[in-house]
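Beneath this line is the structure, given in structure tokens, with notes to follow.
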């Protein structure tokens with residue numbers, strides 16, 4: 006049986022990394038970094054949006070910025086036509 010992560014990748018999910026900067030609650034002039042990673046769907050990122058909604062509703066540190074990187078780990082095979090053949094001997 007395939008893992009849940011592998012099945013998600015077959016359904017189009019890719020590895021998403023979010024670099025989140027937020028203000029410290031006790032020292033609003035200072036920024037802290039949090040790195041979040043999960044399998045998510047590009048370009049709408051429902052999992053990341055759900056996490057950021059949770060952050061805004063439940064955590065004290067207000068968000069400053071979020072940078073997102075996304076990579077599909079399983080891609081269609083790349084192929085190209087070869088017009089020549091080389092034989093040895």
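In our numbering, the protein residues as written are 6 to 94.
All C-beta atoms, glycine included, are put in the ideal place defined by N, C-alpha and C.
Hey, out of 89, 57 and 42, whose CA is closest to residue 76's CA? Within the chain shown, the letter at position 71 stands for residue 76. Ranked by how close their Cα comes to the Cα of residue 76, the residues 89, 57 and 42 have 42 in first place.
May I ask which residues mark the beginning and end of the beta strand (DSSP E) holding residue 38? Along the chain shown, read from residue 1 onward, the residue named residue 38 stands at position 33. Run containing residue 38: 36 to 45, per the beta strand (DSSP E) assignment.
Comparing C-alpha positions only, which one of 32, 33, 61 and 73 sits nearest to residue 48? For this step, residue 48 is matched to residue 43 along the chain shown. Ranking the options by Cα distance to residue 48, first place goes to 73.
Who are the near neighbours of residue 30 in its chain, counting only those whose CB is closer than 6 Å to its CB and skipping five residues on each side? In the chain shown, counting from the first residue as 1, residue 30 sits at position 25. Closer than 6 Å at the Cβ level, and outside the excluded window around residue 30, lie 65 and 66.
Give the DSSP-derived three-state secondary structure of residue 77 in the structure shown. As a first step, residue 77 is located in the chain shown; it is residue number 72 there, counting from the start. Per DSSP, reduced to three states, the secondary structure at residue 77 is coil, with no helix or strand assignment.
Pull up the CB-CB distance for residue 23 and residue 71, whole angstroms please, since I reckon it's below 8 Å. Within the chain shown, the letter at position 18 stands for residue 23. Within the chain shown, the letter at position 66 stands for residue 71. Contact holds; Cβ gap of about 6 Å.
Outcome for residue 10 when other beta-carbon atoms lying within 10 angstroms are tallied against a minimum of 16: Position 5 of the chain shown holds residue 10. Classification for residue 10: exposed.
Can you tell me where the beta strand (DSSP E) holding residue 24 begins and where it ends? In the chain shown, counting from the first residue as 1, residue 24 sits at position 19. Looking at the DSSP string, the run of the beta strand (DSSP E) that includes residue 24 is 19 to 28.
Based on the DSSP output, what are the partners of residue 70 in its beta bridges? Taking the chain shown and counting its residues from 1, one reaches residue 70 at position 65. Answer is 26.
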